[in-house]
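Residue numbers (my numbering), protein chains in the order written: chain A, 378 to 488; chain B, 5 to 117. Cβ coordinates follow ideal geometry from the N, Cα and C atoms, glycine included. Heads up, the thing below is written out as structure tokens.
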């Protein structure tokens with residue numbers, strides 16, 4: 378079974394630029410999550426989708442972050458404009474019910 | 005909201021010993037609790053789920069306990085190996101609903117030969 382795919386793996390941008398991350402979940406998993414993980418911290422949920430609807434986006438900084446999940450499969454997370462404090466690893470996970478399966482993450486560096 | 009506490013200091017043990025990691029929570033007792041392993045540069049990997057009515061769960065060399073009175077879960081690795089070196093995260097669901105998780109900061113385990 379193929380795992381959760383994410384791209385790119387690494388991204389370096391300057392502050393105020395925009396960036397987008399892509400995630401392809403495990404086939405058949407209805408729930409998709411985006412997390413932000415800052416060095417030394419646990420993953421922090423940004424947004425949760427159930428199929429193509431948003432279940433929880435209470436911790437998403439909506440003035441600069443946006444996410445969509447078209448057709449209930451792939452998802453993209455966008456940051457516009459980026460700030461220095463957005464430097465982190467962005468993890469995508471999918472879940473059939475309780476257990477979450479994570480992708481390798483995208484390491485974002487904002488200069 | 006739930007506050008999760010895991011030892012921030014790394015745990016250093018010798019190969020062959022039992023490693024014990026602690027996860028404490030401060031608010032409501034969740035319906036279940038999960039443990040994940042995270043290696044550098046990788047996403048977390050699910051290890052075990054224990055429900056509130058289960059005192060103990062085992063999987064190979066791993067054992068998890070869940071004490072809702074103490075609001076604590078213990079994660080044990082017996083006969084530890086250098087390959088067990090990683091960061092271990094505990095995660096709890098919300099009071100209602102079942103799939104959203106709040107993760108602790110994790111504890112780094114270092115097993116030396």
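Residues in the same chain with beta-carbon distance under 8 Å from residue 75(B), minus the five sequence neighbours each way, listed in chain order, please. Counting from 1 along the second chain, the entry for residue 75(B) is found at position 71. Result list for residue 75(B): 28, 29, 30, 33, in chain order.
Looking at the strands, I want to know which residues DSSP matches up with residue 62(B). Walking along the second chain from the start, residue 62(B) turns up at place 58. BP columns for residue 62(B) point to 67(B).
Grouping DSSP H, G and I as helix and E and B as strand, with all else coil, what is residue 95(B)? Position 91 of the second chain, counted from the start, is the residue given in the question as residue 95(B). Note: residue 95(B) maps to strand in three-state DSSP.
If you reduce the DSSP assignment to three classes, tell me which class residue 9(B) lands in. Within the second chain, numbered from 1, the residue matching residue 9(B) stands at position 5. Looking at residue 9(B) - three-state DSSP - the assignment turns out to be strand.
Distance, Cα to Cα, residue 478(A) vs residue 471(A)? Sequence index remark: in the first chain, residue 478(A) carries index 101 (1-based). Sequence index remark: in the first chain, residue 471(A) carries index 94 (1-based). Each residue's Cα considered, the two are about 5 Å apart.
Going along the chain, which residues of the region 89-114 of chain B sit with their C-beta nearer than 7 Å to a C-beta in chain A? 93, 102, 103, 104, 105, 107, 108, 109, 110
Simplified DSSP assignment, three categories, for residue 35(B): As a working mapping, residue 35(B) is identified with position 31 in the second chain. Coil at residue 35(B), not helix or strand.
Classification of residue 8(B) by the beta-carbon crowding that lies within 10 angstroms, buried from 16 upward: What you label residue 8(B) is simply residue 4 of the second chain in a count that begins at 1. By the 10 Å Cβ count, residue 8(B) comes out buried.
Comparing the C-beta of residue 481(A) with each C-beta of chain B, is any distance below 7 Å? Against the first chain, residue 481(A) aligns to sequence position 104. Yes, because at least one Cβ of chain B sits closer than 7 Å to the Cβ of residue 481(A).
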